[in-house]
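Protein chains in written order, with the numbering used here: chain A, 1 to 391; chain B, 1001 to 1280.
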């Protein structure tokens, strides 16, 4: 168990490509931290640097207060679970799990005891003498976890450990990983590109893009208070809707209509000295079918009418999709291109709303849609930063 | 259903015919030599494939001469030592080529390819001169050295293909599990590369065992003459006697170690040994 500190850690490849830039994180003892971001954002590189599989170009990595930049992986006492599991195919499950202990010259009786204990925890006891080739994906994944936990390392590093499992098993394993981590109380760094895993597993989430940390915070704070357009678009599923808008006289002019700002939003926007042109962010869940609301509720929010383009019924909810007309989102397109997030570009023209299952929305018919103006986010179109950040 | 099975049957028959042709083509010369080695001296030219009169005299003859036994010992010793060294060096070189990025890697690969393509005949005279002045001529090292030279490119190429097949992550996993690079290689990579190593060993051994060119040019006495070279020195008890019988018997005898070697190592070549290491 250990505290891991990344102090201005930078990774630059010999060809000059910058993979990770000035990363500053303090991972507390026993914390479960998630590195999340699109592929190529530097999250795996960061993990490999903590592991010692990649050199650190600049900055310092400290484990329990000691600089470990120059230490070989084996001297860092950290276990890693790989995306591909990387089991030793010529060894049985038992030998696979015993391998790190045998390298550490642990005596035989202890090895047997620890392996059997880990096997019991992971429900692998009856598979101990089988070879990895004869195991299912989920079982292999558990063996990989077992190999990591047998030697009580200072920290676990997990590199997308669930991404090779099918959807159902992934959900199942997600909860068992969370349980296991809580039970062992070992510092864990978990890399994923899946925002659901990020939201459900971690104590804190680090959102990365292009080698830069975008925001660090608890899952809920990232959802409620995204620091910029990228985090806003990345966290939450379906992702946040973005619309270009103009601020004038305390109201907001968008292609959906002109709506007054609520006091909360106005105060925040003024404090951030918001420019005239802004980008409005609205989460799908902050929309509702206006027909389902009573008068007072309805009057509190903004209402607009649009034809339903696509309707997806999820049972518990309905997702209705609209095309926003005349939404010339030049700044937004630019930003989307710059962030490389194709879904952001899509969000400029398409509006996703999550309606209650009771909604009587019909495909192709006009629907009155209500939204909660108090929940909206404002972003600066030039640098993507939030204008509605609560200090 | 019937149509499918009949076409499947037809396909099978076609393959069977092809197999038989290949087998006959490959085995007839071998069986012919076996047949010659079992014939008595006066029936060599009777034009019968199956000997009319059998004898083991040819085998008795070759084993009763010191010449053949000594050549057999030379052959086994030289081929085994050369194979061992070439495979060990080749394993290390191939691992480096498959895994590491180092300056001069392309040059190394290029040069080894160049050596493999170099016509050996053109090297015989210079080698002969060099070995004489280095007093390596007609010694075991005198043959082992050129064998290693020409076997290494073969070993490096075969083995680097095998190493590339081994998932890189296994080595990372071993490092994370606390292995030194040497331990990772010995306990994880080497066992997985074993089929490749054995395949390479077979190829290199056959190359050394069968060589005639260097064996005949770089030896002069029984001190280091290998069997292929020794065979050409076989003669009958008088200059009018035809040594065909004894040569055939010797040829059969020297084929046996190759067959044993292949059979022994073939058991180690387990296909799909790396399955289950990583997803996919």
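Glycine is no exception: its CB is placed at the ideal position from the N, C-alpha and C atoms.
In terms of residue numbering, what span does the beta strand (DSSP E) encompassing residue 394 of chain A cover? Coverage of chain A is limited to positions 1 through 391, which leaves residue 394 of chain A absent and any answer about it impossible.
N- and C-terminal bounds of the alpha helix (DSSP H) containing residue 21 of chain A: No alpha helix (DSSP H) contains residue 21 of chain A, which is instead part of the beta strand (DSSP E) from 18–27.
Roughly how many angstroms lie between the CA atoms of residue 173 of chain A and residue 249 of chain A, to the nearest whole one? 52 angstroms
Contact set for residue 1247 of chain B: own chain, Cβ-Cβ below 7 angstroms, skip 5 residues either direction: 1231, 1234
Chain-ordered neighbours of residue 1188 of chain B on chain A, where CB pairs are closer than 7 angstroms: 88
Tell me, please, whether the stretch 364–376 of chain A touches the stretch 297–306 of chain A by the rule of three or more beta-carbon pairs shorter than 8 angstroms. yes
Who are residue 1078 of chain B's beta bridge partners in DSSP? Bridge partners of residue 1078 of chain B: none, in fact.
Grab me the residues of residue 1090 of chain B's own chain with a C-beta within less than 6 angstroms of its C-beta, minus the 5 sequence neighbours each way, in chain order. 1152, 1155, 1156, 1159
Select from the stretch 1167–1180 of chain B all residues with a C-beta closer than 7 angstroms to any C-beta belonging to chain A, and list them in chain order. 1167, 1169, 1170, 1172, 1173, 1175, 1176, 1177, 1178, 1179, 1180
Check whether the Cβ of residue 1191 of chain B lies closer than 8 angstroms to any Cβ atom in chain A. yes
Given 8 angstroms as the limit, is there contact between the stretch 209–218 of chain A and the stretch 55–63 of chain A, that is, 3 or more CB pairs closer than that? no
Would the beta-carbon of residue 1108 of chain B fall within 8 angstroms of that of residue 1115 of chain B? no
Please identify the residue among A:73, A:198, A:256 whose C-alpha is closest to the C-alpha of residue 100 of chain A. A:73
Relative to the C-alpha of residue 1244 of chain B, which residue among B:1172, B:1058, B:1200, B:1009 is closest? B:1058
Under 8 angstroms by beta carbon: chain A residues contacting residue 1183 of chain B: 103
Apply the 10 Å Cβ neighbour rule to residue 270 of chain A and answer buried if 16 or more other Cβ atoms are within range, or exposed otherwise. exposed
Would residue 1212 of chain B be called buried (16 or more neighbouring beta carbons within 10 Å of its own) or exposed? exposed
Taking residue 99 of chain A as the query, report the chain B residues whose CB atoms sit under 7 angstroms from its CB, ordered along the chain. 1177
According to the Cβ coordinates, are residue 312 of chain A and residue 318 of chain A closer than 8 angstroms? yes
Counting only runs that start and end within the stretch 96–181 of chain A, where is the alpha helix (DSSP H) found for 4 or more residues in a row? 108–121, 137–149
Per-residue burial, residue 1016 of chain B [other beta carbons within 10 Å of its own, 16 or more giving buried]: exposed
Give a yes or no on whether the C-beta atoms belonging to residue 384 of chain A and residue 229 of chain A are separated by under 8 angstroms. yes
Relative to the alpha-carbon of residue 160 of chain A, which residue among A:189, A:135, A:373, A:168 has its alpha-carbon at the smallest distance? A:189
Starting from residue 78 of chain A, find everything on chain B with Cβ-Cβ shorter than 8 angstroms and list it in chain order. 1176
Cβ separation of residue 392 of chain A and residue 1178 of chain B, assumed to be a contact under 8 angstroms, to the nearest whole Å: In the structure as shown, chain A begins at 1 and stops at 391. Residue 392 of chain A is therefore absent and cannot be evaluated.
Contacts of residue 51 of chain A in chain B (Cβ-Cβ under 7 angstroms): 1176
Spatial distance of residue 163 of chain A from residue 80 of chain A (CA atoms): 15 angstroms
Where does the unbroken beta strand (DSSP E) through residue 288 of chain A begin, and where does it stop? 287–289
Beta-carbon separation of residue 1206 of chain B and residue 1258 of chain B under 8 angstroms? yes
For residue 223 of chain A, which residues in the same chain have their Cβ closer than 8 angstroms to its Cβ, ignoring the five residues on either side in sequence? 199, 235, 236
Starting from residue 1202 of chain B, trace the beta strand (DSSP E) both ways and give me its first and last residue. Not the beta strand (DSSP E): residue 1202 of chain B falls in the alpha helix (DSSP H), residues 1190–1210.
Looking at the secondary structure, which residues open and close the beta strand (DSSP E) in which residue 241 of chain A lies? 241–248
Find the nearest neighbour of residue 51 of chain A within the set A:245, A:154, A:178, A:323, judged by alpha-carbon distance. A:154
For residue 48 of chain A and residue 1110 of chain B, I'd like the C-alpha separation in whole angstroms. 33 angstroms
For residue 258 of chain A, collect the residues of the same chain with a Cβ closer than 8 angstroms to its Cβ; drop the 5 residues on either side in sequence, then sort them by chain order. 251, 252
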